[in-house]
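Just so you know, we're using the working numbering here: the sequence shown kicks off at 32 and counts up by one. One structure below.
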Amino acid sequence: MKKFNFRKVLDGLTAASPVGSSGGGSGSGAGGSVHPGGTAGAAGTPREEIQETLTSDYFQICKTVRHGFPYLPTALAFDPVQKILAIGTRTGAIRILGRPGVDCYCQHESGAAVLQLQFLINEGALVSACADDALHLWNLRQKRPAILHSLKFNRERITYCHLPFQSKWLYVGTERGNTHIVNIESFILSGYVIMWNKAIELSTKTHPGPVVHLSDSPRDEGKLLIGYENGTIVFWDLRSKRADLRAYYDEAIHSVAWHHEGKQFMCSHSDGSLTLWNLKSPNRPFQTTIPHGKVQRDGKKPESCKPILKVEYKTCKNSEPFVVFSGGLSYDKPCRRPSLTIMHGKAITVLEMDHPIVDFLTLCETPYPNEFQEPYAVVVLLEKDLIVVDLTQTNFPIFENPYPIDIHESPVTCTEYFADCPPDLIPVLYSVGAKHKKQGYSNKEWPISGGAWNLGAQTYPEIIITGHADGSVKFWDASAITLQMLYKLKTSKVFEKQKVGEGKATAEIVEEDPFAVQMMYWCPESRIFCVAGVSAYVIVYRFSKHEVNTEIASLEVRLQCEVEDIITPEPETNPPFPDASSQLPSLKSLSGSTNTVACEGTMKDSIPCLSVKARPVRMPPGYQADLVIQLVWVDGEPPQQITSLAVNSAYGLVAFGNCNGLAVVDFMQKTVLLSMGTLDLYGSSDPYQRQPRSPRKSRQFAAGLTELSDSPVSLELERCKSPTSDHVNGHCTSPTSQSCSSGKRLSSADVSRANRRGPGRPPFRKAQSAACMEISLPVTTEENRENSFSRSRSSSVSSIDRDSKEAITALFFMESFARKNDSAVSSCLWVGTGLGMVIILSLNLPASDDLRQSEPVMVSPSGTVLTLKGAVLTFACLDCMGTLTHQPYEVWRDPHSADDGDKARKRKLVMHSPSSSQDMGDHQFAVICSEKQAKVFSLPSQTCLYVHNITETSFLLRADVVTLCNSVCLACFCANGHIMTLSLPSLRPLLDMNYLPVTDMRIARTFCFTNEGQALYLSSPTEIQRLTYSQEMCDNLQDMLGDLFTPVETPEAQNRGFLKGLFGGSGQAFDREELFGEATAGKASRSLAQHIPGSGGIEGVRGAAGGVIGDLTRARIALDERGQKLGELDERTASMMASAEAFSKHAHEVMLKYKDKKWYQF
């Protein structure tokens, strides 16, 4: 054996432990390790130092993409040429959507709500108006949009903006009723202002209210229509700086829409009415309708309705115009859902929505306001959804939405993320989850089709799994930073539906969402999926491509924390070995009568929270329930929610724990192997030396078990006994014992503790705070939480406090060395607790696969106990070369395959990764991470080689051992917002960045790391934020993101004809530059608004695309645009020349005709 480099180990320890942390280098002081690091020369230590390839250069944190529906939307805009959609939110975010794969998220630094969005049509820019009275110009010609300019109003509040097509002057209406004009190119305010007192008549005695509408006339760009809230409408002549006409209505105005010819406009009002006005007779509207008002019999005006918040008036060349509006329903139907009304000719269609309407837009064929609009779709932005209605079909079907905006269909309660998973999984899941084309959808293509997106260089498959409050689980294809739903599983289908009104009388411990998914565990190789629900149950699913109709096997488990109780004898029930295929009898009948001790009718005992369906259930292809395990009430105390979960397909076992203890179930034989309190797992290795408190009676075991005390191993395994279990040589063997009833009574102290603990635990707690205590976020109670940590580790605390808090917080199945100086690996279950204790349980599996269905599996404590500071979060195992050892698994086979031969039934097991198969028998590293520190142990010597105190003032919420660049590291997310990575096995800090302050429980509950430097969390109740901590992916991110802007030629305006152009509109061309420019209008007051340069100029261009290729691309785009504009100019010049020639010809003919005539002959 080569000599181990002792000095480098010590160097590693010194580097891994922060200066000034308790315990510097080796020894039990460094995080409380039982075996000091100074014994590094013991058997089983590494023969040579492991070369770690990861350095800090491999790590960098950046956000990659955000999926889901924009949270709290407020505004909507659409570019009809680029065909991209923008949504603004109350939190200051903007989401820009194009074709599937083109999805961009940007955020205003101020966080102010977005009031309005305006695209510079086909210019690759967007203007946003925010609630802090600031205007921002976003550059969309880069993959990550950035602000080019900002303009902050100081004395006035912005209420409405309007940007005419192909204009560089933005009209801005304010709360005071004034209208300002902003140059889009320089973002400087013009000196031209339309003051409210100049716009209204001098005789008017009241203020007209805020500006609610601005638009230029489609007929004459020099005329501006201004709508004021109180019902005043002003048609302002921009050239002469006076009002051409004024109109008044006695109801407040909410919106205005023009007819494309510019002779009429329509207003929507607060009484549910629509008024149609003609410019020639502005004294009163020539048509007033209340579309949803009841017509009175005596001919009076129809009764008022709810306000029509927005109306759009769109014309068609070959049919009646469309009038689309939101709101306006009658008051006498208060329960009616929010609706969108489409009026086409005499037909009125009301589309009811599931959520309130925030905004809507009618999509038209032309961007020019003075042409027939030809509407083809309506985009409706709801509070929690986005739908698009097809106007080209008479029944107005909706388009099938290609975006993953239904993540929040039911609130997300937990997430898991798998990168680089087996490539066949995505097509398989899609094949079983692919829905048949739903009836009623439009057969046309999704109209928001702008931008460009390609697959990029990253090709490995990624899957995200979300668990939801209604019990559903969704599998998503997350490859190449996109998101598409593959498959949906409803876990609530295994339970009977709760009838209305029975909630109080049942054993439910959660009133709302009793099926909420709390934890998930997925083995992609074996396709075993396991779910822990909030009502203290675990469901094991197997994957099958075949439909099956079968009964659901179920088990019930008693898991109780006993401290000072007396064990009473209970009748032994030993049925023969059960048949694995048959359903087990209900376990309630096996509970002894001694369990029910309180008054009748009130004490709940040995009953689960939910009822599993007893009849055969049809299970479609996909994930099918194999076994349901439920924790039951014990002596009136509800079962505590599950805090840890692990499954292993090779062993055929599922393990789960909570605040009371641990249960291990054989899901192949459908039997409970182990069910005991956390204290009982220690055996004689309990490090706390718990002394019985006075008064306390000594434990009295049942008569049938006392003879076991003579066994040599009885002292160590005494606590492993369960009175109804069949003990063979001190091991818990229990296929013969289906019940885990322990026949123990709660003492008065325990009853009071149960009342304190109660059923009211938060439903979505992930037991990751020390001692299974609830995390209270935001992190303001650091001192209190720290006190709870030190208190849980203190020897002065009473045993009842310590016992009631020691939850099982982490579980891990692996092939490992269970005991010190073992010569070979064996099957083990590693158990981590809330007090930082690690207990290794040995699993004795049948030697051959043929006996697996009949021979009992034995679970026994190995006597090995390791310690860390803080609750244990995660385990991993490395081989002697430092390579991550994968857990054993069974290669997937269809449980309901038509091929029933021996070959199909034979299990194919992979016990460890091939790369380390030759060295597995020598030694290995165990990586254990808690809330406070990480340790690496050498096995089988159990020497603590490395320790790193990760945090002293906070605690970790999530830790995962992940692979990156063909190496392995430990990734951690701390409650103070830091993301850290540590090398393995030496625990050198590689990355520590303050990324995200944990502002609420949602982030803590959903944050997870995965391989290849990726992570995610729920950034809002409706959105998933993905990020990377890999430098390589940060470098390649630009190639993976979609392009928002693509060079598209602006459609030509329709040829209006010479006479129509001459007599139909304004006699002279309207030059906004001459009117609004500084030379004519002067400068605006400096105190009115402040110009703020943005960061989206040079930096944004540099970020958009690096190097020569980016420069060439930008140059090519610029040339294309310039060529396009020159081409348009040539066409306009040619058109003007043709018109001039025609006019000259006509004039010459007229001149020749009248040349020789005298004046009296005319």
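Yeah, the Cβ is synthetic: ideal placement off N, Cα and C, and Gly gets one too.
- Selection Arg573, Phe546, Met551 and Gly564 evaluated against Ser557 yields Arg573 as nearest (Cα-Cα).
- Residue pairing by DSSP places Met1011 opposite Cys1003 and Asp1023 in a beta bridge.
- Shown here, Phe196 sits in coil according to DSSP, grouped into three states, outside any helix or strand.
- By the beta-carbon neighbour count (other beta carbons within 10 angstroms, threshold 16), Met1168 is exposed.
- The C-beta distance from Leu1047 to Ile1055 rounds to 6 Å, short enough to meet the 8 Å contact threshold.
- As a beta-bridge residue in DSSP terms, Phe526 pairs with Val643.
- The DSSP assignment places 955 to 961, 964 to 970 and 974 to 980 as complete runs of the beta strand (DSSP E) inside the stretch 955 to 981, in order along the chain (cut-off: 3 residues).
- With 16 or more other Cβ atoms from the protein chains shown falling within 10 Å of its own Cβ, Met1071 counts as buried.
- In this model, Phe843 and Leu514 are separated by some 30 Å (Cα to Cα).
- By the Cβ test, the stretch 1000 to 1012 is in contact with the stretch 1021 to 1030, since at least three Cβ pairs between them sit closer than 8 Å.
- Close CB contacts of Arg938 within its chain, under the 6 Å cut and outside five residues either way in sequence, are with Asp880 and Glu921 (chain order).
- For Trp861, the uninterrupted beta strand (DSSP E) run begins and ends at Ser857 to Thr864, by DSSP.
- Exclusion of the five residues before and after Ala143 leaves Gly123, Cys161, Ala162, Asp163 and Ala165 as the residues of its chain whose Cβ lies within less than 8 Å of its Cβ.
- Between the alpha carbons of Ile570 and Thr522 lies a gap of roughly 8 Å.
- With a beta-carbon spacing of about 14 Å, Arg121 and Ser1050 fall beyond the 8 Å limit used to define contacts.
- A buried status is given to Gln591, since no fewer than 16 other beta-carbon atoms sit within 10 Å of its beta-carbon.
- Counting C-beta pairs closer than 8 Å gives fewer than three between the stretch 173 to 180 and the stretch 1104 to 1117, which falls short of the contact rule.
- Non-local beta-carbon contacts of Val112 in its own chain, meaning distances under 8 Å to residues more than five positions away in sequence, involve Ile152, Asn153, Pro398, Val1079, Thr1081 and Pro1082 in chain order.
- In this structure, Lys519 sits near Lys505, with a CB-CB distance shorter than 8 Å.
- Nearest to Arg368 by C-alpha distance, out of Val381, Gly867, Ala1115 and Gly1073, is Val381.
- Under DSSP, Ser585 shares a beta bridge with Val659.
- Sixteen is the threshold: when 16 or more other Cβ atoms of the shown chains lie within 10 Å of the Cβ of Thr306, as they do, the residue is buried.
- Per DSSP, the unbroken beta strand (DSSP E) holding Ser246 starts and ends at Val242 to Asp247.
- Using a Cβ distance threshold of 8 Å, Gly482 and Asp110 do not count as a contacting pair.
- Here Ile215 is near Leu168, since their CB atoms are less than 8 Å apart.
- By the C-beta density criterion, Gln973 is buried, having at least 16 other C-beta atoms within 10 angstroms.
- Within the same chain, and ignoring the five residues on either side of Thr319 in sequence, the residues whose Cβ sits closer than 7 Å to its Cβ are Ser304 and Thr306.
- Rounded to whole angstroms, Arg850 and Phe1040 show a C-alpha spacing of 31 Å.
- Between Cys996 and Leu1015, the beta carbon gap of about 13 Å keeps them out of contact (Cβ cut-off 8 Å).
- For Arg589, the closest C-alpha among the options Trp227, Asp657 and Gln672 is that of Gln672.
- Here Pro647 has Asn580, Thr581 and Glu582 as same chain residues with Cβ atoms under 8 Å from its own Cβ, once five neighbours each way along the sequence are excluded.
- For Val922, no alpha helix (DSSP H) segment is defined, and its DSSP state is neither H nor E.
- If you look at Ser462, you'll find it in the alpha helix (DSSP H) that goes Leu456 to Gly464.
- According to DSSP, Arg649 shares a beta bridge with Asn580.
- For Thr916, the three-state secondary structure derived from DSSP is coil.
- In chain order, Pro239 and Gly240 place their CB closer than 6 Å to the CB of Asn261, counting only its own chain and leaving out the 5 sequence neighbours on each side.
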